[in-house]
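Residue numbers (my numbering): 220 to 483. The beta carbon of each residue, even a glycine, is placed where N, CA and C say it ideally should be. Here's the structure we're looking at; comments come further down.
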């Protein structure tokens, strides 16, 4: 058997193993023991909160670690309890068995994807041993620092692979940052902020990584409520309390229900 045939056979076996899971049966991924034994496959259909609940059922210490830029750190909020991370955790603590959920907010002002790598932030996250990692892709600063999309995507891949290797049992979820003012203006690399949003989203989805599109979700919320962007930003880039509330709502809904289907 040549190498190509071997890879094809391995792929068939992998998908056969996944498809053999009874995804809709209550004795399948809805069973804590089964879920923990089949994390990779079950995560494809199970909301993030199930990961936390099933880990809690085994009396494990539960924690969420975030990494990203100032919009993950909460710049622009009137107080730290108003940032999206704090609001998410408070909502999750109301779920059965999650009252002891802890978190570490690793958002750093001015950090791009390159800064995250240069300052070994993934290693810091790995040492925290979180149950769930939320990686906000820092595109606001990649745009401002004129980093090419190719380099941004390469950096994202480096970070994700490092997290997966160091935290094989943790659930890793990527998030875009929020919309910003004047995002249509090209930077010195000849790219708009929207170019970064669209280019990284396509790359992340191509790799099959779990992803929450905050940029799209916030824009949809603004359109639905007939609001403009200025109403939810404290300056050109950072959300205000209302903006972070929308962000938190998007992430919380994803945690509780999983990704929306196209017809929802």
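1. Got a sec? Which residues, its chain only, sit under 7 Å from residue 424 by beta carbon, not counting five neighbours each side?
2. Select from 465, 298, 252 and 310 the residue whose C-alpha is nearest the C-alpha of residue 446.
3. Would you kindly work out how many angstroms separate the C-alpha atoms of residue 323 and residue 433, rounded to a whole number?
4. In the DSSP assignment, find the unbroken alpha helix (DSSP H) run with residue 461 in it and report its ends.
5. Using CA atoms only, rank isn't needed, just tell me which of 266, 273 and 268 is closest to residue 253.
6. Using the beta-carbon count (16 or more within 10 Å), is residue 360 buried or exposed?
7. Tell me residue 286's beta-bridge partners as DSSP assigns them.
8. Quick one: using the 10 Å Cβ neighbour count with 16 as the cut-off for buried, is residue 332 buried or exposed?
9. Taking the alpha carbon of residue 468 as the point to measure from, which residue in 305, 286 and 280 has its own alpha carbon closest?
10. Below 7 Å between beta carbons: does that hold for residue 461 and residue 451?
11. Based on Cα-Cα distance, which residue from 390, 442, 368 and 373 lies nearest to residue 406?
12. Quick check on this structure: which residue in 270, 320 and 325 has the alpha carbon closest to the alpha carbon of residue 293?
13. Contact defined as beta carbons within less than 8 Å: I believe residue 351 pairs with residue 271. What is the distance between those atoms, to the nearest angstrom?
14. Output yes or no for whether 7 Å exceeds the beta carbon distance between residue 396 and residue 295.
15. Assign residue 355 to buried or exposed, taking buried as 16 or more other Cβ atoms, counted over all protein chains shown, within 10 Å of its Cβ.
16. By how many angstroms is the C-alpha of residue 380 removed from the C-alpha of residue 428?
17. Would you mind sorting residue 329 into buried or exposed? The rule is 16 or more other CB atoms within 10 Å of its CB.
18. Mapping the DSSP letters down to three states, classify residue 308 as helix, strand or coil.
19. Below 6 Å CB to CB, which residues in the same chain sit around residue 473 once its five sequence neighbours on both sides are set aside?
20. Curious, which full-length alpha helix (DSSP H) runs of at least 4 residues does the segment 370-427 contain?
21. For residue 288, count neighbouring Cβ atoms within 10 angstroms of its own Cβ and tell me buried if that reaches 16, exposed if not.
22. DSSP puts residue 429 in a beta bridge; with which residues?
23. Alpha carbon to alpha carbon, how far is residue 421 from residue 412?
In short, the structure shows the following:
1. Residue numbering aside, residue 424 sits at position 205 when the chain shown is read from its first letter. So the list reads 430, once near-sequence residues are dropped.
2. Counting from one through the chain shown, the residue named residue 446 turns up at place 227. Taking only the C-alpha atoms, the option nearest residue 446 is 465.
3. The residue you call residue 323 lines up with position 104 of the chain shown. The residue you call residue 433 lines up with position 214 of the chain shown. Cα to Cα, residue 323 sits roughly 20 Å from residue 433.
4. Reading the chain shown from its first residue, position 242 is the one you call residue 461. Residues 460-476.
5. Here residue 253 refers to the residue found at position 34 of the chain shown. Ranking the options by Cα distance to residue 253, first place goes to 273.
6. Numbered from its first residue, the chain shown carries residue 360 at position 141. Residue 360 is buried by the Cβ-count criterion.
7. Taking the chain shown and counting its residues from 1, one reaches residue 286 at position 67. In DSSP, residue 286 forms a bridge with 325 and 354.
8. As a working mapping, residue 332 is identified with position 113 in the chain shown. Residue 332 is buried by the Cβ-count criterion.
9. By one-based count along the chain shown, residue 468 stands at place 249. Of the listed residues, the one whose Cα sits closest to residue 468 is 305.
10. Working through the chain shown from its first residue, we reach residue 461 at position 242. Working through the chain shown from its first residue, we reach residue 451 at position 232. Yes, the pair counts as a contact, with Cβ atoms nearer than the cut-off.
11. Translated into the one-based positions of the chain shown, residue 406 becomes position 187. Here the closest residue by C-alpha is 368.
12. By one-based count along the chain shown, residue 293 stands at place 74. The shortest Cα separation from residue 293 among 270, 320 and 325 belongs to 325.
13. Residue 351 sits at position 132 when you count from the first residue of the chain shown. Residue 271 sits at position 52 when you count from the first residue of the chain shown. That pair is a contact at about 7 Å.
14. Along the chain shown, read from residue 1 onward, the residue named residue 396 stands at position 177. Along the chain shown, read from residue 1 onward, the residue named residue 295 stands at position 76. Going by C-beta atoms, residue 396 is not nearer than 7 Å to residue 295.
15. The residue labelled residue 355 in the question sits at position 136 within the chain shown. Answer is buried; the Cβ neighbour count reaches 16.
16. By 1-based counting over the chain shown, the position of residue 428 is 209. By 1-based counting over the chain shown, the position of residue 380 is 161. Each residue's Cα considered, the two are about 11 Å apart.
17. The sequence position of residue 329 within the chain shown is 110, counting from 1. With fewer than 16 Cβ atoms within 10 Å of its Cβ, residue 329 is classed as exposed.
18. Stepping through the chain shown from its first residue, residue 308 is reached at position 89. The answer is helix: DSSP assigns residue 308 an H, G or I state.
19. Here residue 473 refers to the residue found at position 254 when the chain shown is read from its first residue. Excluding sequence neighbours, residue 473 sits near 431.
20. Given a length threshold of 4 residues, each whole run of the alpha helix (DSSP H) inside the segment 370-427 is given here in chain order: 412-425.
21. Working through the chain shown from its first residue, we reach residue 288 at position 69. It is buried - the Cβ of residue 288 has at least 16 other Cβ atoms within 10 Å.
22. The sequence position of residue 429 within the chain shown is 210, counting from 1. Bridge partners of residue 429: 392.
23. Residue numbering aside, residue 421 sits at position 202 when the chain shown is read from its first letter. Residue numbering aside, residue 412 sits at position 193 when the chain shown is read from its first letter. The straight-line gap from Cα to Cα measures roughly 15 Å.
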